[in-house]
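Note that my numbering gives residue 199 to position 32 of the sequence shown, counting from 1, and the numbers run on in steps of one. Glycine is no exception: its CB is placed at the ideal position from the N, C-alpha and C atoms.
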Amino acid sequence: MDKEANGAKSVNVPFFLMKALRFINYRGFWLILGNNKG
């Protein structure tokens, strides 16, 4: 049971981090685009 719980956590954390990074990269991309236009 413990091993399964740890496995679920190790799968969920990178997935959440990837979503967060993708969101940050998307916002950062538009910020840079806006700065270049300005």
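Through-space distance from residue j to residue i, alpha-carbon basis
i: G201; j: R194; result: 10 Å
i: V180; j: F190; result: 15 Å
i: F183; j: N203; result: 30 Å
i: W197; j: L188; result: 14 Å
i: V178; j: N192; result: 21 Å
Other residues of its chain near residue i: CB distance less than 7 Å, five sequence neighbours each side excluded
i: K158; result: The chain is shown only over 168 to 205; residue 158 falls outside these bounds and no answer can be derived.
Residues of its chain near residue i, where Cβ-Cβ distance is below 8 Å and the 5 sequence neighbours each way are ignored
i: I199; result: none
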